[in-house]
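334 is the number that the UniProt record's numbering gives to position 334 of the sequence shown; each next residue is one higher, with no gaps.
Cβ atoms here follow ideal geometry from the backbone N, Cα and C, with glycine treated the same way.
Read through the structure below, which is laid out as structure tokens, and then see the notes.
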Amino acid sequence: MKNTKNIIEIQNINKYFGEGENRVHILKNISLSIEKGDFVSIIGQSGSGKSTLMNIIGCLDKATSGKYYIDGEDISDFTADELSELRKRKFGFIFQRYHLLSSLNAQENVALPAIYAGVDHDNRIERAKKLLEKLELSNKLKNKPNQLSGGQQQRVSIARALMNGGEIILADEPTGALDSKSGIMVMKILNQLHEEGHTIILVTHDKGIASQANRIIEIKDGEIFNDTRQREIKKELQEDKKSINNLKKNKFQVAKDQFFESFNMSVSAIIAHKMRSLLTMLGIIIGIASIVCVVAIGNGSQQKVLENISSLGTNTMDIFNGEGMGSRFSNRIKSLSTTDVDILEKQSYVDSVTPNSTSSGTIVYQNKSFSGNLKGVGADYFDVRGVKITDGRAFSKDDEQNLSSVALIDENTQKSLFGENENPIGKVILFNKKPLKIIGTVELSNVIGLNSSELNVFAPYTMVMNKVSGEKYIGSITVKVKNDIDSQVAQKSITDLLKAKHGKKDFFIMNTDTLKKTIESTTGTRRY
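Here it is, written out as structure tokens:
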């Protein structure tokens, strides 16, 4: 059983900061006892460990090792909540820089600790008023901290330390920021509190201030260097029958009061700093708006890209000449032929196939002449690519086999050659002096891979290769796989088939379904 006369007793306290090679031993096996009603000064130079010791005594920090007793109770293993409750009941703190809330007046600052103790509004305001009157601040109750002198602010902080009883007063350099006159007044108040029975623990580096205490403890390099008693203890603090401990409410009422007080303080802080609050809210609004815009743009971009990819067709893949996209030798490799098209059309997993062959040249109608592209494609091209036929018809398999000189034109070609009013269906145009009869018109605005600003003419690939370009090889082949077939499986089968036919892999495949999934995954990751 510990000595009940000792309100504080610590044994072999050690405190370390940092880890490993950077670990610093701040307090070294500190042991001391402080009796109830004593006035103790802890003195030492900066870095000696005196403030760290005060923080441990005040339950603001925990020792790395050692024992700590308050009123005979071992609190070494107390949780953070238990230490908070102990601070509320036992301690009052006085700081060098006051730490008053700028948005609250003197009376409200003093009453603040009682909110956490669960005291109702009327009782805490009345007690705060009496404490300020006791410290000769009755005419400063409604003044904000910036309307008070340094000495007045420190007296407000002393009243705040006494609000919950302040059986133990911890004062950290209480005169450090004051002029000599204000410092003398503060020390006079601390001596009065000691005479009333409060236990005072004063931390300072000023020997003149320290000499006013009953007991002086000198700290040097984390150890107690000297411990001298100058005067005996005068009296112990008598229990205040009207203290806050007798004014507490039930937990629900306490929580309710704390919520409303926190709300009121928040509103007061906003009103007290209108411009800062406005700028803060503006920053939050801009931040949220920016995030919303970025997410919206990301979603819109993803949707647009996916729509464009979808225009290539579902379960489709394109086969190109060469080793891969961007290879510098791809344009030299000519490996895809019409026989590849014939073989692919016969595969059970293939729905349709369309070759793609492009020639550039001059398009002429009557006295109008423009540069444009002639696309040699299969009859299934318009279905596979999702190209919308706006007028007329597509060419057929018979047109392919018969090398028919028929064609479809896009809207840009139609406007350039025929204007807004003339119907192009049935008209004959020349492409590199080869006549082509127009049988239909198409819309390319949502088709990826085609430049709708250029003039594009579509004709059977057989006719283009034989009568116009004279090419023996195809630029690319588009394959549409049946819906019940996995595109990855089909891609492997096509690769194996063409590799066996060519004797080597002189082509590459772009699977639109794989590309779509990759983009969905990538853009989804960036958004979230």
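Practice problem: Could you spell out where the beta strand (DSSP E) holding residue 407 opens and where it closes? | Solution: 406–410
Quiz item: What is the DSSP secondary structure of residue 382, counted as helix, strand or coil?
Solution: helix
Quiz prompt | 6 Å CB neighbourhood of residue 399 in its chain, flanking five on each side removed | solution = 406, 460
Exercise. Quick one: using the 10 Å Cβ neighbour count with 16 as the cut-off for buried, is residue 228 buried or exposed?
Key: exposed
Quiz item: Do we get a CB-CB distance below 8 Å when we pair residue 33 with the residues of chain D?
Solution: The structure shown has no chain D; it contains just one protein chain.
Quiz item: Within 10 angstroms of its Cβ, does residue 465 collect 16 or more other Cβ (buried), or is it exposed?
Solution: buried
Exercise. May I ask you to verify whether the segment 52–60 touches the segment 82–100, counting CB pairs closer than 8 Å and requiring at least 3?
Key: yes
Self-check item: Closest residue to residue 180 among 10, 203, 169, 151 (Cα-Cα distance)
Solution: 151
Exercise. Identify whether residue 445 lies in helix, strand or coil by the three-state DSSP scheme.
Key: coil
Quiz item: Whose C-beta lies closer than 8 Å to the C-beta of residue 137 among residues of the same chain, with five residues either side of it excluded?
Solution: 106, 152, 155, 156, 159
Quiz prompt | Cβ-Cβ distance between residue 343 and residue 501 below 8 Å | solution = yes
Practice problem: Would you be able to state if there are at least three C-beta pairs under 8 Å between the segment 386–393 and the segment 469–480? | Solution: no
Exercise. Please name the residue in 440, 506, 143, 233 whose C-alpha comes closest to that of residue 321.
Key: 506
Quiz item: With a cut-off of 8 Å, do at least 3 Cβ pairs link the segment 480–496 to the segment 425–435?
Solution: no
Practice problem: Between the Cα of residue 361 and those of 468, 424, 339, spot the shortest distance and give me the residue it belongs to. | Solution: 468
Quiz item: Excluding the five sequence neighbours on either side, which residues of its own chain have a C-beta within less than 8 Å of the C-beta of residue 112, listed in chain order?
Solution: 101, 104, 160, 163
Self-check item: Beta-carbon separation (whole angstroms), residue 70 vs residue 125, contact threshold 8 Å
Solution: With 8 Å as the limit, residue 70 and residue 125 do not qualify as a contact, their Cβ atoms being about 30 Å apart.
Quiz item: Are the segment 200–212 and the segment 165–177 touching, with three or more C-beta to C-beta distances below 8 Å?
Solution: yes
Practice problem: Consult DSSP for residue 14 and reduce its assignment to one of helix, strand or coil. | Solution: strand
Quiz prompt | 7 Å CB neighbourhood of residue 183 in its chain, flanking five on each side removed | solution = 175
Quiz prompt | Whole-Å CB distance - residue 364 paired with residue 444, under 8 Å assumed | solution = Incorrect: roughly 21 Å between the Cβ atoms, too far for contact.
Quiz item: Quick one: complete beta strand (DSSP E) runs, 3+ long, within the segment 115–186?
Solution: 168–172
Quiz item: Should residue 51 be listed as close to the ligand MG, given that the test is whether its C-beta is under 7 Å from any heavy atom?
Solution: Only the bare structure without any ligand can be found here, which leaves the ligand MG out of the picture.
Quiz item: Looking at the unbroken alpha helix (DSSP H) that takes in residue 341, where does it start and where does it end?
Solution: 338–345
Practice problem: Out of 348, 347, 340, 350, point me to the one whose CA is closest to residue 356's CA. | Solution: 340
Self-check item: Spatially closest choice to residue 54 from 36, 139, 92, by CA coordinates
Solution: 92
Exercise. Kindly give me the distance between the Cβ atoms of residue 209 and residue 44, rounded to whole angstroms, as I take these residues to be in contact under 8 Å.
Key: Contact doesn't hold; Cβ gap of about 13 Å is too wide.
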